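Right, one structure below, let's go through it.
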Amino acid sequence: MPTQELLYVSDRPSTTTDEQVVDGIVMPSMRKNRELGITGCLWFGKTRFVQILEGEREAIDDLYAKIERDDRHHDVRLIHYGPIESRAFDRWSMRLIKGDERDTVESIIAEYAVGHADTEDSSEPVGAAVFTSIRRKLRALADVSPFPIAGH
Ligand SMILES: Cc1cc2nc3c(=O)[nH]c(=O)nc-3n(C[C@H](O)[C@H](O)[C@H](O)COP(=O)(O)O)c2cc1C
């Protein structure tokens, strides 16, 4: 069974504090993901979350179903789901990346949305290329993320 990779984007309510994200979402998720053999990252900007999950299909599907229903974020949009040869985030059960205005993650997502709207039926090449650049960007940010979380 090949390992799967899932990437989604969602809207973060402006009322949530960073502490609520870290203590309420990230800490328990790191523990649970480790138990489930899931690796990945969570990028959080002022108004958005971007998450990559890597793992066995069943574990990913069960978790994503829960995440979609979680009312701590809204409008969860699946951007990519497919098999991978090797994990990009194998060192982290959930690497937390705090987004800032120097990131290009937001602009890459905006570009993805435009590409999708333009090519309703043949969006795959656009989607795949943009997805690859989001993953590359998140992987680079994961390496330099200063988030000081024990066991991270
Ligand atoms: C942005 C966001 C990302 C999340 N990521 C994860 C995750 O990677 N792993 C996880 O177990 N739960 C994650 N959750 C929490 C799940 O939605 C859910 O609350 C959690 O899995 C607890 O499920 P349970 O009540 O069945 O134990 C996330 C929630 C949000 C809002």
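Just so we're aligned, residue 554 is where the sequence shown starts under the working numbering, counting upward by one.
Where is the CB? At the ideal position from N, CA and C, for every residue including glycine.
Predicted, not measured: the structure shown is a model, and the values here were computed from it.
Can you tell me whether residue i is helix, strand or coil according to DSSP?
i	result
S563	strand
P636	strand
K651	strand
R625	coil
T685	helix
R587	helix
Going by DSSP, what residues sit across from residue i in a beta bridge?
i	result
T592	E607
Q573	Looking at the DSSP assignment, Q573 forms no beta bridge with any residue, so it has no partner.
T600	According to DSSP, which records beta bridges pairwise, T600 is partnered with nothing at all.
Among the options, which one has its Cα closest to the Cα of residue i?
i	options	result
E558	P566, T685, E588, E659	T685
G608	R689, R692, A693, E588	E588
N586	S646, I662, V658, R610	S646
V658	P555, D614, S563	S563
Around the Cβ of residue i, are there at least 16 other Cβ atoms within 10 angstroms (buried) or fewer (exposed)?
i	result
T600	exposed
G635	exposed
G593	buried
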